[in-house]
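Residue numbers (the numbering used here), protein chains in the order written: chain A, 307 to 606; chain B, 307 to 606. Contents: one structure, followed by commentary.
Number of protein chains: 2
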Amino acid sequence: MGASDVEVARIAQKTGIRSRPIVGTGEFTSDLAFRATSALLERRNLSASNVDTLIVCTQTPDHLIPGVSSRLHGKLNMSTSCYAIDINQGCSGFVYGVQMAAAMLRGSSAKQAILVNADCYSRLTRQDDLTTRLIFGDAATASLFSAQPGGLRLVYSRCYSDGSGYDEFIAHNSALQINPDKQRGIYMDGAGILTFALRVVPEAIVNALADTGLKLEQICTFAFHQANSFVIGKLAYKLRLRPDQVPQNCAELGNTVSASIPLLLIDQSPRFKSGDLIMAVGFGVGLSWGVTLLECIDPL
Amino acid sequence: MGASDVEVARIAQKTGIRSRPIVGTGEFTSDLAFRATSALLERRNLSASNVDTLIVCTQTPDHLIPGVSSRLHGKLNMSTSCYAIDINQGCSGFVYGVQMAAAMLRGSSAKQAILVNADCYSRLTRQDDLTTRLIFGDAATASLFSAQPGGLRLVYSRCYSDGSGYDEFIAHNSALQINPDKQRGIYMDGAGILTFALRVVPEAIVNALADTGLKLEQICTFAFHQANSFVIGKLAYKLRLRPDQVPQNCAELGNTVSASIPLLLIDQSPRFKSGDLIMAVGFGVGLSWGVTLLECIDPL
């Protein structure tokens, strides 16, 4: 093995990430978003024209102007009465997006909302930076929200931010600000992000339990953002969670940014029984984090 | 006058835009957003730590990762309990943002939300494209939303999209998708956008009146997105509005994207009397448009 092969093996060993999906040449976030949303509409036997709210969470849009939601709206031939918007959030993007979609259903006239979580971080990792290049997977998910009871019910949601850590995970030269001392691409302060996650995630879970009057052992599943196995293992150890409470899917998928939690929920859904409580926990770039508590209403 | 001077004069004559603010070298959207938000907090004698929701609407972020809201959150030393996010929307971004901020107040635990509308389109106009370079102004506004009665009350909001017009206003080579046949920057199909605006804006206003049971003459002020004087004049003519119903500020400010409506509301606020109805109408890139109806509760 050359020096690089040794490094690749070491990173795979440490992160538990053995493979990850990467978009093809000529494919962009809108293509992933389109496939995920088309599949959701087909699975739910729903017409795109009946969707009144489309939220696309991405940090890797095709263009700055317009957003991916516009492209998706056009490709799916959605109704002009649809509220379509992009939101920019990374690994906390599912938790942030769920809170927003729920607020739109409860606090505006929205009846059927779709949240898309889609990113192609592979396009912004730097060729020579194996620590990011080997962990991020490109993926998209689409999740349907409606006031109709069924699927997973949102019980609780709380989001957090700490912009003082803005530089700990940043894509230099990716939009308008140019830093001539940096290559274009993602720079991650791995140690800083780890310290942050191990500090704020347990706190946010303790807050969620206090806010809802629940105990840790009442939560069947912790759907942690799939940053990597090392972080998830540390969090599980710190919180003294049982292995069956902490499913993972990052070995094959890598860190799929804001799509990682919904991908895990899809994987795990055959295990869910009516009444099961699932706590989804996102954390990452921003810095930004949050907790979503879901109750299974209709098991698969 | 050279050919270019003649062209500059012709565009100024047609658009009614004589000047526009442009960010300084080394200044970015987060700097404009910071100044606008600091000024709002000072004016309202409000501590940044009491803001629980921060929505930054921009299409010209400093970086793709993280969002401008993260930078702003850090610079203002805001609370970690704050929900901070960027949304991507152009000239309909105030109307879209108001609907979202209102939904967060009504449908989540948000109590004090700030919507920032901030863009530096000058960084994405092409040097040789006078039709866009001479009309877009760089600006930021910050608007406070709370459940406390006062200021302007949101009566009604409805947003629309038409992604089939995605290419009519697009910034090529601005994010991940690279088109080797295009320069980096904004491409506007001026005739297409004009036709679109003259078709959808009157329709959306008619819908808003039908939805609320109001008549055109009951609306004191139409706060149209300040695309340019030509478009606004055409809309006013088509709807048979009185000149006093259609204030403008684009002669000096240009088209300030999603900041144009809140800038106009600030300009006009000394004229507002208690009970006055103000209809804000955004339209542009996406394509995307919407109508917000506001009632003046506390005149200045």
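C-beta: ideal position from N, C-alpha, C; glycine also.
In this structure, DSSP gives C602/B an extended state, which the three-state scheme calls strand. Within chain B, L482 have C-beta atoms less than 8 Å from the C-beta of T335/A, given in sequence order. Contact between A542/B and N561/B fails: their C-beta atoms lie close to 17 Å from each other, not under 8 Å. Of all residues in the stretch 486 to 502 of chain A, those with a C-beta nearer than 9 Å to a C-beta of chain B are I492, reading in chain order. Between the stretch 371 to 382 of chain B and the stretch 448 to 464 of chain A there are fewer than three C-beta pairs closer than 8 Å, too few to call the two in contact. Interface residue (Cβ-Cβ distance to chain A less than 8 Å): Q418/B is not classified as such.
Selection I538/A, I584/A, R350/A evaluated against K521/A yields I584/A as nearest (Cα-Cα).
Taking a C-beta cut-off of 8 Å against chain B, the contacting residues of the stretch 349 to 376 of chain A are L360, Q365, T366, P367, D368, H369, L370, I371, P372, G373, S375, S376, listed in chain order. I391/A and C363/A have their alpha carbons spaced roughly 9 Å apart. For L378/A, the closest Cβ of chain B is nearer than 8 Å. Scanning its chain for C-beta atoms nearer than 6 Å, with the 5 sequence neighbours on each side dropped, one finds around A342/B the residues A446, T447, A448, in chain order. For G519/B, not one C-beta of chain A is nearer than 8 Å to its own C-beta. Taking a Cβ-Cβ threshold of 9 Å, none of the residues of chain B is close to N534/A; the smallest such distance is about 18 Å. Of all residues in the stretch 465 to 476 of chain B, those with a C-beta nearer than 8 Å to a C-beta of chain A are C465, Y466, S467, D468, G469, S470, G471, Y472, F475, I476, reading in chain order.
Q554/B is positioned such that its CB atom lies no closer than 8 Å to that of C526/B. Along the stretch 557 to 585 of chain A, the alpha helix (DSSP H) occurs as fully enclosed runs of 4 or more residues at 566 to 574, listed in sequence order. Judged by DSSP secondary structure, N423/B falls within the beta strand (DSSP E) whose first and last residues are 418 to 425. Per DSSP, M494/B is one residue of the beta strand (DSSP E) stretching across 491 to 494.
In the three-state reduction of the DSSP assignment, R350/A falls in the coil class. Runs of the alpha helix (DSSP H) lying entirely within the stretch 471 to 514 of chain A, each at least 4 residues long, are absent. Short of 7 Å from the beta carbon of S428/A, and not among the five residues preceding or following it, lie these beta carbons of its own chain, in chain order: I328, V329, F442, D444. In terms of beta-carbon proximity, L346/A stays away from the interface with chain B, with every pair separated by 8 Å or more. Counting only Cβ-Cβ distances below 8 Å, Q319/B has no contacts in chain A at all, with the closest Cβ about 27 Å away. With a beta-carbon spacing of about 7 Å, G399/A and V563/A fall inside the 8 Å limit used to define contacts. Short of 6 Å from the beta carbon of D573/A, and not among the five residues preceding or following it, lie these beta carbons of its own chain, in chain order: N555. In summary, N351/A is exposed, with fewer than 16 beta-carbon neighbours lying within 10 Å of its beta-carbon over all protein chains present. Taking C-beta separations shorter than 8 Å and ignoring five residues to either side along the sequence, the partners of C388/B in its chain run V357, D358, T359, L360, H379, following chain order. With a threshold of 8 Å between beta carbons, L338/B makes no contact with chain A. When beta bridges are read from the DSSP output, D392/A appears opposite V362/A, N394/B.
Annotation: P367/A to T335/A spans about 6 Å, alpha carbon to alpha carbon. The Cβ atoms of R432/A and G491/A lie closer than 8 Å to each other. Taking the CA atoms as reference points, L440/A sits about 17 Å from A565/A. In terms of CA proximity to S415/B, Y466/A leads the group Q454/A, L346/A, Y466/A, Q483/A.
Closer than 8 Å to the CB of R429/B there is at least one CB belonging to chain A.
Closer than 8 Å to the CB of C556/A there is not a single CB belonging to chain B. Straight-line spacing of the CA atoms in D311/B and G496/B works out to 21 Å.
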